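Asks: Heads up, the sequence shown is in the numbering used here, so the first residue is 99 and it goes up one at a time. A virtual CB, placed ideally from N, CA and C, is assigned to each residue, including glycine. From a predicted model like this one, the values you see are computed outputs, not experimental measurements. The following block contains the structure, expressed as structure tokens.
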Amino acid sequence: MTDHTIDFEVQAREGEARAGILTTRRGPIETPVFMPVGTAGTVKGIRFEELESPELDARIILGNTYHLWLRPGIEVIRACGGLHKFIGWERAMLTDSGGFQVWSLGALRKITEEGTEFRSHIDGASCFLSPEISIEIQATLGAEIAMAFDECAPGEATYEEARRSMELTLRWAKRSREAFERLQRYGTARGSERVREALSGSGLEVDPLATASGSVTTPAQVNNLRHRQALFGIVQGASHLDLRRESLERTVEIGFAGYAIGGLSVGEEKPVMLEVIEEIAPRMPPDNPRYLMGVGTPEDLIEAVARGIDMFDCVMPTRNGRNGQAFTSRGRLNIKNARYAEDQLPLDEECKCSVCRRHTRAFLRHLYQSGEMLASILLTHHNLAFFLDTMRRVRQAIRSGQFAKFRREYTEQLSSGLG
Ligand SMILES: [Zn+2]
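Below you can see the structure in the form of structure tokens.
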């Protein structure tokens, strides 16, 4: 990458663990960082003001290309001035490529060299995503960081399956990078001719602006690319370490602003996941951010940081919160459990979040049992506060040379249980 669309500086190290600053045009992000997931343009169950508040202080959130493309559709977001304006979030964002969501549809998809055909989970309409289409959707969404379009092999994939998938991902990574460069080069040109010219080299059979419903808009509508983005590549290879190493090497050859490990936490055993991270993260380029996609619990985050990861995202704090589960410093607490019916303690005695300062387990259980929406809201708030505070403590520990001690004490406290 020749242009500094993002800047990344590692400022402290302890073992493989790193603490640094990732700077985007929307401000600095201290790493290691946890990114709450905003699937449909909203981090479910929490207001943006609270994400921005000093208590949570989320500096970057995720948007899901697949979901936003299907609904409300890319024309709506373009007409509303891009994703940040549409949702009212001025801090940094990262968009995934849609590859993983399509993968998770399983039997509903068909993969060809060109891209992935699948049926919309909303109305069953036939849809098609390719590297070029994904990159263009992401350019219109306008997040500071976009992801290459990849294919994910299942955790238990055989060597042959994993290789085929990895090779396809590498070809798609190259196409993603090429499409990205074309669009970014012409991004500030608002005239239709230049945009059309930018798109003409993509070799696409389908119109890159084809929508999920199958209707087509004209390329002249690509008018939302006022800012350059950074593109990250994704390392695949399932649990096969030699494939993972090869995938990393060849992804780095293509050249990206950051590198992600994809295809983990998809059904493989936890030691396998940690083994892949341990093998790959320290070999990733030292000067670029390293992003572990879709992982995990707070203890997973700490173990991955110890192996050299800088960025994380996961739906667990929000999804589990909606299902009545709280993450605490002594493990997970299921608020549905009858033992909490008269419990006067907060969710986590160690937690300083506004939910723990105000409410008891007994009240939260009552809300949950009554089907009150506030139960989901409060549990989501606590879980996000807990994840973000854990990362804050991780960063402080690395910067003060206390990370090994922090990791040991965190693990000990976690295993002591809720009592
Ligand atoms: Zn709390």
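Distance check for R269 and L512, CA to CA, integer angstroms please.
Replies: Distance between the alpha carbons of L512 and R269: 43 Å.
Asks: Apart from the five residues just before and just after Y508, which ones in its own chain have a Cβ nearer than 7 Å to its Cβ?
Replies: Correct list, in chain order: I400.
Asks: Taking just the CA atoms, how far does F330 sit from S363?
Replies: Distance between the alpha carbons of S363 and F330 is about 19 Å.
Asks: May I ask you to report which of helix, strand or coil DSSP gives E507?
Replies: Three-state result, E507: helix.
Asks: Let me know if E112 comes out buried or exposed under the rule of 16 or more other beta-carbons within 10 Å of its beta-carbon.
Replies: Answer is buried; the Cβ neighbour count reaches 16.
Asks: What is the DSSP secondary structure of D305, reduced to helix, strand or coil?
Replies: Since pLDDT at D305 reaches only 39, below the 50 mark, its modelled position is unreliable, and the value read off the structure follows with that caveat. Of the three classes helix, strand and coil, the one that applies to D305 here is coil, per DSSP.
Asks: At a cut-off of 7 Å, would you count D446 as near ligand 1, judging by its Cβ distance to the nearest heavy atom?
Replies: The answer is yes for D446.
Asks: Check this for me: beta carbons of A439 and L431, under 8 Å apart or not?
Replies: Cβ distance not < 8 Å, so A439 and L431 don't count as in contact.
Asks: For M536, tell me which candidate among P396, M245, Q327 has the shortest Cα-Cα distance.
Replies: Given a span of 99 to 517 for the chain in the structure shown, any question on residue 536 remains unanswerable.
Asks: Could you tell me whether any non-hydrogen atom of ligand 1 is closer than 7 Å to the CB of V364?
Replies: No; taking the cut-off as 7 Å, the Cβ of V364 has no heavy atom of ligand 1 nearer than that.
Asks: So the alpha helix (DSSP H) N481 belongs to, where does it begin and stop?
Replies: 471 to 497 is the extent of the alpha helix (DSSP H) around N481.
Asks: Let's test the definition: count the other Cβ atoms within 10 Å of the Cβ of D340 and tell me whether it reaches 16, buried, or not, exposed.
Replies: Classification of D340: exposed, given that the 10 Å Cβ count is below 16.
Asks: If we call anything under 8 Å between Cβ atoms a contact, is D408 one with R116?
Replies: Yes, the Cβ-Cβ distance between D408 and R116 is below 8 Å.
Asks: A336 to A379, Cα distance in whole Å?
Replies: Taking the straight line from one Cα to the other gives about 15 Å.
Asks: Assign R428 to one of three DSSP states: helix, strand, or coil.
Replies: In the structure shown, R428 sits in coil (DSSP, three-state: anything other than H, G, I, E or B).
Asks: Alpha carbon to alpha carbon, how far is D411 from M471? Give it in angstroms, no decimals.
Replies: Cα-Cα distance, rounded: 24 Å.
Asks: Which value, in whole angstroms, describes the spacing of the CA atoms of A483 and E153?
Replies: Answer to the nearest angstrom: the Cα atoms are 7 Å apart.
Asks: Under 7 Å: does the beta carbon of A473 sit that close to some heavy atom of ligand 1?
Replies: No, since every heavy atom of ligand 1 falls outside the 7 Å radius drawn around the Cβ of A473.
Asks: Check the C-beta distance from I86 over to I158 and give it rounded, since I have them as a contact under 8 Å.
Replies: In the structure displayed, the chain extends from 99 to 517; residue 86 sits before or after that span and is not available.
Asks: The alpha helix (DSSP H) that contains G197, what's its start and end?
Replies: It spans 197 to 202 - the alpha helix (DSSP H) in which G197 sits, taken as one unbroken run.
Asks: Can you give me the start and stop residues for the alpha helix (DSSP H) that V370 sits inside?
Replies: It spans 368 to 378 - the alpha helix (DSSP H) in which V370 sits, taken as one unbroken run.
Asks: If you run the structure through DSSP and keep just helix, strand and coil, what is L160?
Replies: DSSP places L160 in strand when its eight states are reduced to three.
Asks: Counting Cβ pairs, one atom from each stretch, are 3 or more of them under 8 Å apart for the segment 252 to 260 and the segment 182 to 199?
Replies: Not touching, per the Cβ criterion.
Asks: Does DSSP put S224 in a helix, in a strand, or in coil?
Replies: Of the three classes helix, strand and coil, the one that applies to S224 here is strand, per DSSP.
Asks: Need the endpoints of the alpha helix (DSSP H) that K183 sits in, please.
Replies: Unbroken alpha helix (DSSP H) run through K183: 181 to 185.
Asks: Using only the alpha-carbon positions, how far apart do L160 and L203 sit?
Replies: So the alpha carbons of these two residues sit roughly 20 Å apart.
Asks: Just to confirm before moving on: does the CB-CB distance between F106 and P387 stay below 8 Å?
Replies: Yes, the Cβ-Cβ distance between F106 and P387 is below 8 Å.
Asks: Any heavy atom of ligand 1 closer than 7 Å to the Cβ of F425?
Replies: Incorrect: F425 has no Cβ contact closer than 7 Å to ligand 1.
Asks: Looking at C454 and ligand 1, is the gap between the Cβ and the nearest heavy atom below 7 Å?
Replies: C454 Cβ: within cutoff of ligand 1.
Asks: What does the Cβ neighbour count give for E448, buried or exposed, with the cut at 16 atoms within 10 Å?
Replies: That one is exposed.
Asks: What do you get for G517, buried or exposed, if any count of 16 or more other CB atoms within 10 angstroms of its CB means buried?
Replies: Per the 10 Å Cβ criterion, exposed.
Asks: What does the Cβ neighbour count give for S263, buried or exposed, with the cut at 16 atoms within 10 Å?
Replies: It is buried - the Cβ of S263 has at least 16 other Cβ atoms within 10 Å.
Asks: In three-state terms, what does DSSP make of G125?
Replies: G125 falls in the strand class under three-state DSSP.
Asks: Kindly indicate the opening and closing residues of the beta strand (DSSP E) around M245.
Replies: Per DSSP, M245 belongs to the beta strand (DSSP E) from 243 to 245.
Asks: Could you tell me the distance, in whole angstroms, from the CA atom of L120 to the CA atom of A436?
Replies: If you take the alpha carbons of L120 and A436, they lie about 44 Å apart.
Asks: Take the Cβ of N322 as the centre, count every other Cβ of all protein chains shown within 10 Å, and call the residue buried at 16 or more, exposed below.
Replies: Model confidence at N322 stands at a pLDDT of 42, short of 50, so the residue's coordinates are unreliable; what they give is reported in the following sentence. The residue is buried, with at least 16 neighbouring Cβ atoms inside 10 Å.
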